[in-house]
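The structure appears below as structure tokens.
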Amino acid sequence: MLQTENIDMHFGDKAVLKQVNLQVEGGHIFGLLGTNGAGKSTLLRIISGIIRPVGGRIRVNGAEVWENPEAKRQICYLTDDPAFLHASSIAQMGSFRKAWQPDYDLDRLAELCERFSLPMHEKIGSFSKGTQKRVQVCLALAGRPHVMLCDETFDGLDPVMREAFRRTISEETWDRGMVTILAGHNQQEMEDICDSVGFLHEGNLLTVGDMDTVVSGIYRIQFATEEPVPDESLVSLEPLRVQRQGRLCVLTVKGNREKTLEAVKAFQPIFSEILPLSLEEVFILEMEEQGYAQ
Amino acid sequence: MRNKTRGAALRWLLKHYLFLAVIVFLITFALIPMHGSMKVHTIGEALRDRPEMEPILPSTAYYFTGELSRTFLFFPLNLEMLCALFGSMGFGCALVLFGYRFSRKQSMMFAGLPVTRTRDFLLRTAVFLILAALPAAVCCLGYPAIILVSGLRDYFDPGLYLKECLVLMLILMYGYAAGALSSQLFGSLWAAVLGGALIIGSLEILWFGWSLFASCYLQTLCFQPIRSMISWSPIYTLYKGLYQVDTFRWLPGIAAILLLGGLAWRASGLNRPERAGLTLNIPGIEKPLLLWATAAGGTLGGVLFIETFVREYSLYLGILLGAAGAWIVARMLVEQNIRLRLQGWRGPAAALGVMLLCCLGLRMDVLGLNGRMPELGDFQAMTVSNSYQFARQPEKLFRAEEKENLAAAQEWVRLMRDHSADLRKETPFVLGDYGQRVKIRWENRNHQILERQYTPLEDQTPALHALQTLVNSQEYRRQAAEKVVPYAHCSGNSILMNGLRLQEEDFLNLYGFNLWSEFDRHNSKALGDALREDLLDRTWEDMQGMAVANVYFYQIDEVTDAYISCPTQTVYASDERTIRALWGEKAETVLAWIRGGWADSEEILVFRCEYELDEEENLNLVRYTQAASPEEAQAWLNRTSQCHESLFRAPDNQLVQIQIYARPAVRRWADREGMTDLLEEEGFWSRLPDYNEEIYYWLGFEERADLPAV
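So the sequences go chain by chain: A and B.
116 is the number of the first residue of the first sequence in the numbering used here; add one for each residue after it.
5 is the number of the first residue of the second sequence in the numbering used here; add one for each residue after it.
If you want it as structure tokens, here you go:
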């Protein structure tokens, strides 16, 4: 299990993370969505023990991570911009990892490289950015980490590799009880594979929960009435958005669906139905509610 | 698991940085006298081929030693370069080992490894010791091993060599410690290099600079800025250690290595990988660093300005400009932006203000250091040394311990102190060589030392009684006699006969013997013995007479044939034993000459000439008078100093000289110039000063201004 307790982080006078609390069980994939500059990468670096938070703690299976080699050995952080030793090959990077992590599986690395068509003995620096990301993922998986932190890892991969790596990570997560955190902007992808999701905005973790609950937490309800319903009558529903086309009214609402339906029935609609939103739409609405980009 | 990880990580680091060992080994190989080790075969053959009973001359041994100590370099390597190279090598090794910290990506990658940062620091330091220090040490030890195995122990000093190697290894480690600290504090390569220079050099600059400033104002304190750095500065002690291995002080260098290394280790735990690429890697050190840079820059500016312009105002101007410039440049470097916002100037301005106030405090001598001297009874010994030898003063160094002598010396020193204070009122700021100084060192019963230096009195009259007491004491005479080198070689041309009032050639022509004396190691001993006996009898009154000669003694190094100068000894007319040792059976003639016989000769003509300086600072002869009698001539001479470079002068626009002409010399001049007819002119011989610019055959003595006018 991965647990963050009241994580605070400042860079100079600027607060980057504010009292971030998070808990992800083993065998779960957590999606971390956030606006630009929300603090996603910073949070992942703190979790991986690269940066020390100003306040709070990170625990992996109960052990604190900061300056704890045993805990850090269980964590692997995949940056958005992969870093390798100068003029090194995959084999050399494997040896490098093995030197600092005795249980690193070089055979597994070779197997992954073969599976994803990666040459073991060529200089990584000569690879394309997308290929370097593939190398990064293979190097990470060969270490069989307990916690895998992916920061926009799949960006830059072609759809085939994307799907292949998503499948591999999902299998690893479920089979070995790994904790996986995917940070990025690709909501569609996250909706497909993540078990839970959180929204990070200006250092605050606003929404955390399992995917279904978060996605269904905001929805649209559209209904038609004989006469247009005045705006004052809709206030009680606390709509996030109101769209009208003649007698058709579409409300974007947050809250309990049954209660909302009951409230709409009071208007004696000709018809009414609930329309689910995508994760992306939910994210946009949540951020708009926070005043982002208005 | 932990040990397994540590071993694997160390092995990986050693493999990854193996090239360091090669580079360090090659550089060290080039710098140590490995080329000399190639000569062992040749020298060995030469030794085997010589006849068995033939001794090895010192010069041959010296040659062998020189051959064995050659390096592979095509240019001569001085110790400064050796020091700089080894220090730079250590610094460079640190930058290579910790170079990943200058790249954000690399820094993050290594920070994500399952190892603590301090452990990582220690692992890399172990790599340095194994891959740099060890190869350098092995290379250094290889050379003596070759020499000793070849049986050439006699031409090689292993103890000295090994000490030098140890000093070099300390220099290497000092460079590494400084580089390691720089790498932790600064986030980019250029910042680490500049920052390293600041770490290494700023303390030296601050100490040297403020010692120099203090020496300009606190003129009675025995400041020597360079020398004051030696006793504590790790760089200077390490550098000087190469020159003077036997007197090398280990503590400053080792302490600095441990301190810098400890600070680097501590800083490694505070290192922020997210700040890689920025100038400063550790937040919160910006303000102290800017203050430090301001102080160092101001001090350096002060040093450069006063060395260039040698004026008091230049010190303040230099501090101001140096501090401002250093702060601006440091801000630009820290913010990585040449466009400067004028924020945060208060701290550096306060630092500048403190420096200027310190200078004012020195000028006003707020602590009263210049005038401080112990009371009689508070000390048990006083040592006096003279940086300049001149007449009418005790010579060189003496040490007073007897009560009466202490009182006399203290009185004399008090007069000098007051005189120095008067001079300081006119010139509070003096840079550089002060000329003549008398240095005093008081010791109390606890062997604590107080040292001061004073300008000697221009008018010795107030101190006459004290000086007489000192010079006439057995303590002083005994010490003077002990200074005569027991054995020395005194070359013939080392006797200057300032007091004999004639040049050597003229004396030879008049008296038929050569004043130059040749002394070898046998009769120079006799000369030394005679001089010691005369010194034990010499009184103050004896020293008021004209000095007859200055005798230079030398010792000769038997190996290198180099001359080692010994203190010069002055011979007075009262030193009859010495005069006899110098001139043997001719001594009586010389003594008679000295005591006035010279003036009795008809061949000698003496004139008292008065000159005045004109507007263009040319000396113009105003009037002259010929001595009416030998007694008058002797009386004139008694009023003069004994040499041309006199401390005693007539009023600024006047010069009074006693000119001595020898008739044979004038005749030689006339013969050479074809002007023999001039000699027959009436009154020519009484008008000799009119021709002094042409004749040039006279000795001139300037009349002392401290005596009543004629």
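For each residue, glycine too, the CB sits at the ideal point set by N, CA and C.
Being a predicted model, the structure only gives us computed values, none of them experimental.
Residue i Cβ short of 7 Å to the ligand COA heavy atom set
i, result
"B:Met547", "The ligand COA is not among the ligands present in this structure, which contains no ligands whatsoever."
Continuous alpha helix (DSSP H) stretch holding residue i: start and end
i, result
"B:His469", "468-475"
"A:Val275", "274-291"
"A:Val169", "Premise fails: A:Val169 is in no alpha helix (DSSP H) and is neither H nor E."
"B:Gln483", "478-486"
"B:Thr582", "580-587"
"B:Ile27", "22-35"
"A:Phe398", "394-404"
Inter-residue spacing [alpha-carbon to alpha-carbon] between residue i and residue j
i, j, result
"A:Ser348", "A:Phe382", "9 Å"
"B:Arg581", "B:Ala534", "5 Å"
"B:Trp254", "B:Arg157", "27 Å"
"B:Gly116", "A:His261", "15 Å"
"B:Val142", "B:Leu133", "12 Å"
"B:Thr32", "B:Ala140", "6 Å"
"B:Gly302", "B:Leu346", "19 Å"
"B:Gln573", "B:Gln440", "19 Å"
"B:Tyr567", "B:Ala530", "20 Å"
"B:Phe125", "B:Arg335", "29 Å"
"B:Phe394", "B:Asp546", "For B:Phe394, the pLDDT reaches just 37, beneath the cut-off of 50, and the residue's location in the model is therefore unreliable, although a value from the coordinates is still provided. One C-alpha to the other measures close to 15 Å."
"B:Ile47", "B:Thr251", "32 Å"
"B:Gln661", "B:Glu621", "17 Å"
"B:Arg676", "B:Gln663", "22 Å"
"A:Ser393", "A:Thr340", "27 Å"
"A:Lys244", "A:Phe199", "12 Å"
"B:Leu419", "B:Ala484", "24 Å"
"A:Phe338", "A:Ile173", "47 Å"
"B:Ala300", "B:Leu207", "8 Å"
"B:Leu435", "A:Ser203", "60 Å"
"B:Val714", "B:Tyr665", "In this prediction, B:Val714 scores a pLDDT of 38, lower than 50, which makes its location untrustworthy; the coordinate-derived value is nonetheless stated afterwards. If you take the alpha carbons of B:Val714 and B:Tyr665, they lie about 21 Å apart."
Nearest to residue i (by Cα), restricted to the options the options
i, options, result
"A:Glu182", "A:Asn136, A:Gly171, A:Arg167", "A:Arg167"
"A:Val139", "A:Val397, A:Thr288, A:Asn301", "A:Thr288"
"B:Glu455", "B:Arg128, B:Gln223, B:Gln440, B:Phe688", "B:Gln223"
"A:Ser387", "A:Thr283, A:Leu394, A:Thr375, A:Glu395", "A:Thr375"
"A:Gly332", "A:Gly324, A:Phe338, A:Ala339", "A:Gly324"
"B:Leu364", "B:Cys220, B:Ala353, B:Pro162", "B:Cys220"
"B:Gly91", "B:Phe33, B:Gly183, B:Ala115, B:His20", "B:Gly183"
"B:His423", "B:Ser605, B:Gln188, B:Ala467, B:Gly179", "B:Ala467"
"B:Ala12", "A:Asp123, A:Leu148, A:Val169, A:Asp218", "A:Asp218"
"A:Asp128", "B:Trp16, B:Leu207, B:Pro287, B:Leu242", "B:Pro287"
"A:Asn151", "A:Gly209, A:Leu315, A:Asn176", "A:Leu315"
"A:Phe231", "A:Lys248, A:Trp215, A:Gly209, A:Gln216", "A:Lys248"
"B:Pro634", "B:Pro460, B:Phe190, B:Glu607, B:Glu685", "B:Glu607"
"B:Gln457", "B:Glu486, B:Arg376, B:Ala88, B:Ala485", "B:Arg376"
"A:Lys133", "A:Thr119, A:Gly142, A:Gly146, A:His143", "A:Thr119"
"A:Arg362", "A:Arg372, A:Ile385, A:Leu355", "A:Ile385"
"A:Asp327", "A:Tyr407, A:Pro391, A:Val294, A:Ala198", "A:Pro391"
"B:Ala1", "B:Leu176, B:Phe212, B:Leu617, B:Asn554", "As displayed, chain B neither begins before 5 nor continues past 714, which places residue 1 of chain B out of reach and without an answer."
"B:Pro238", "B:Gly322, B:Ala181, B:Ala404, B:Asn450", "B:Ala181"
Terminal residues of the beta strand (DSSP E) in which residue i lies
i, result
"A:Cys265", "262-266"
"A:Ile296", "294-299"
"A:Ser311", "311-316"
"B:Thr629", "623-630"
"A:Asp123", "117-126"
"A:Asp325", "319-325"
Nearest-angstrom Cβ-Cβ length linking residue i and residue j, presumed shorter than 8 Å
i, j, result
"A:Ile205", "A:Val250", "6 Å"
"B:Met386", "B:Ile453", "Actually they do not touch by this definition, with Cβ atoms about 11 Å apart."
"B:Val100", "B:Leu166", "With a Cβ gap of about 28 Å, B:Val100 and B:Leu166 do not count as contacting."
Next on the checklist: Extract the residue ranges of the alpha helix (DSSP H) inside the segment 387-465 of chain B, only unbroken runs of 4 or more that lie entirely within it.
Outcome noted: 407-430
Checklist entry - Going along the chain, which unbroken runs of the beta strand (DSSP E) with 3 or more residues stay wholly within the segment 75-149 of chain B? => result none
Next on the checklist: As an exercise, report each continuous alpha helix (DSSP H) stretch of at least 4 residues that is fully enclosed by the segment 306-385 of chain B, in chain order.
Outcome noted: 316-339, 350-368
Checklist entry - What are the uninterrupted segments assigned as beta strand (DSSP E) that are 3 or more residues long and contained completely in the segment 336-391 of chain A, given in chain order? => result 356-360, 363-369, 386-391
Next on the checklist: Which complete alpha helix (DSSP H) runs does the segment 174-255 of chain A hold, if anything under 4 residues is left out?
Outcome noted: 184-187, 205-215, 221-230
Checklist entry - Which residue spans inside the segment 189-273 of chain B form an unbroken alpha helix (DSSP H) run of at least 4? => result Taking only runs of at least 4 residues, the alpha helix (DSSP H) segments lying wholly in the segment 189-273 of chain B are 193-221, 229-234, 238-247.
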